[in-house]
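Q: Pasting in a structure now, in structure tokens, and then I'll have a few things to ask.
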Amino acid sequence: MKLAVRGASWILVYLALAAAPLVFAVIDPTPGRGFLINFSVALGFVGLAMLGLQFALVARFQRVAAPFGIDVVLQFHRQIAYVALLFILAHPVLLFVTDTEFLALLDPITAPWRARMAVLSTVALLVLVALSIWRKRLRIGYELWQFTHGVLAVVAVVAALAHVFLVGYYVDKPWEHALWLLMSAAFVFLLVWVRVVRPLQRYGNPWRIEEVIPERGDTYTMVLKPSNRHAKNHNGFAFRPGQFAWIMIGRSPFAITQHPFSISSSAEQTDRVALSVKVAGDFTSEIGALQPGTTVYLDGPYGAFTMDRYEGPGFVIIGAGIGVTPLISMMRTLADREDARPCYLFLCNRDWESITFREEIEELKTRLNLSVVHVLSHPSGDWECEKGHINATMLLCHLPKRYEHLQYFVCGPEAMMDATESYLDEIEVPEEQVHAERFGMV
2 MKLAVRGASW ILVYLALAAA PLVFAVIDPT PGRGFLINFS VALGFVGLAM
52 LGLQFALVAR FQRVAAPFGI DVVLQFHRQI AYVALLFILA HPVLLFVTDT
102 EFLALLDPIT APWRARMAVL STVALLVLVA LSIWRKRLRI GYELWQFTHG
152 VLAVVAVVAA LAHVFLVGYY VDKPWEHALW LLMSAAFVFL LVWVRVVRPL
202 QRYGNPWRIE EVIPERGDTY TMVLKPSNRH AKNHNGFAFR PGQFAWIMIG
252 RSPFAITQHP FSISSSAEQT DRVALSVKVA GDFTSEIGAL QPGTTVYLDG
302 PYGAFTMDRY EGPGFVIIGA GIGVTPLISM MRTLADREDA RPCYLFLCNR
352 DWESITFREE IEELKTRLNL SVVHVLSHPS GDWECEKGHI NATMLLCHLP
402 KRYEHLQYFV CGPEAMMDAT ESYLDEIEVP EEQVHAERFG MV
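Following our numbering from start to finish, the sequence shown increments by one per residue and tops out at 443.
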């Protein structure tokens, strides 16, 4: 209940900050400029406010993300960017409709600097959105995209703020000037927090790779321990089963590029952290070649996808492929806690040999009240168990009679999660008891 109230409070704060410029424009319009011009400027201010708030959404403030889960916050960050873009584009469009003479401001040679800054901000924002939408189609690597995404975002906001102050019409009153100075200061604070304060915190708690373990399914597990030079004063890494962390490997904690991976170790072990990564190109193809002793920095933990947030008589865990990573953390934690509640695991893979953690899952049956159902999409000819993909009939066949009282955790490819959630709805599992991990910046 406390998390729900906190979540509602953060939503109200966001709406108030985003809509504030529109309210101020209505109560104190600039005289002699006409309704459409004042309205277009108000929309531009709202878009700018939303752009600034984008930095807050990705700053990884634990108290902000906790009620929703960082994956939901990042999804909101992606979707609200389109809304901010519409507000910002509406500003010049309305100006052009009101008076075509404003079109002359698009000429970069003759236009004043206030107009150049507006054009620069808009172009940077358009390129940023386009690269985010078509990154994979353009075959832009994640690391390059992450770098350009950050640079373009800063350019868009700084140029927009410069445009506001160079125009001057709407920040000439003391309270208006104070408002936008405050917004600028908040923007600078977020940059300093993300790029200076947080890296300094990570610098004081370095980790090192103890070993890299090859797993089935083209997966490697990195086992991390506190760096020797900081072992005595190290804070460890307390997390909840199912959460994830951003990592920086073999580079400075101030590095822009970071990679998010689910934690696969037990939450009962805070002085030793394991992250399991499937080879999928780019950075992940280098995991198997990492050497013991390599320095690693962790930022986290993050995520609301954890059984520790929910009470229930048992758990149903449904995963596919590398989606097993947060799920194995849950099962390892339950085993270390000697939790006697029943746990039903449905695990989807291509074939028998590609099942990550296959042997350990069998061993966990001796430590947990665990039932396992393997579902193979391309089984060998002698496979006699479940084939194809999970469906409602399959779930009902293996779940207990009072299955609607259990807590459900689903992790895997997007299409698999969508289908599984629809099947759970079909068999009338309450929506509030179904939890899915949907993570992805772009």
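All residues carry an ideal CB built from backbone N, CA and C; glycine is no exception.
1) Can you have a look at P302 and say buried or exposed, based on whether 16 or more other CB atoms are within 10 angstroms of its CB?
2) With C-beta atoms as the reference, is V325 less than 8 angstroms away from T357?
3) Please list the terminal residues of the continuous alpha helix (DSSP H) segment that includes R64.
4) Report the three-state DSSP secondary structure of P175 (helix, strand or coil).
5) If you follow the beta strand (DSSP E) that A303 is in, where does it begin and where does it stop?
6) Using the three-state DSSP reduction, which class does T271 fall into: helix, strand or coil?
7) From this set, E287, V94 and P68, which residue's C-alpha is nearest N39's C-alpha?
8) Whole angstroms is fine: what's the gap from A186's alpha carbon to L18's?
9) Hey, how far is the Cα of D383 from the Cα of G389?
10) Taking the C-alpha atoms as reference points, what is the distance between T220 and K279?
11) Where does I362 land, buried or exposed, given buried means 16+ other C-beta within 10 angstroms?
12) Measure from the alpha carbon of T99 to the alpha carbon of each residue in R199, S41, T149 and V152, then state which is nearest.
13) For V297, collect the residues of the same chain with a Cβ closer than 8 angstroms to its Cβ; drop the 5 residues on either side in sequence, then sort them by chain order.
14) According to DSSP, is Q147 helix, strand or coil?
15) Quick check: what's the CA-CA separation for F69 versus N392?
16) Taking the alpha-carbon of S266 as reference, which of S330, V213 and Q244 has the nearest alpha-carbon?
17) Let's see if you can read the secondary structure: which residues bound the alpha helix (DSSP H) around I89?
A: Straight from the coordinates:
1) buried
2) yes
3) Unbroken alpha helix (DSSP H) run through R64: Q63 to A66.
4) helix
5) Note that residue 303 corresponds to Tyr in the displayed sequence, not to Ala. Its beta strand (DSSP E) spans residues T296 to Y303.
6) coil
7) Out of E287, V94 and P68, the CA that lies nearest to the CA of N39 is found in V94.
8) 15 angstroms
9) 15 angstroms
10) 4 angstroms
11) The residue in question, I362, is buried, as its Cβ has 16 or more Cβ neighbours within 10 Å.
12) Among R199, S41, T149 and V152, the Cα nearest to that of T99 belongs to S41.
13) P207, W208, R209, I210, M223, L225, I248, M249, I250 and G251
14) helix
15) 28 angstroms
16) S330
17) Segment I71 to T99, the alpha helix (DSSP H) holding I89.
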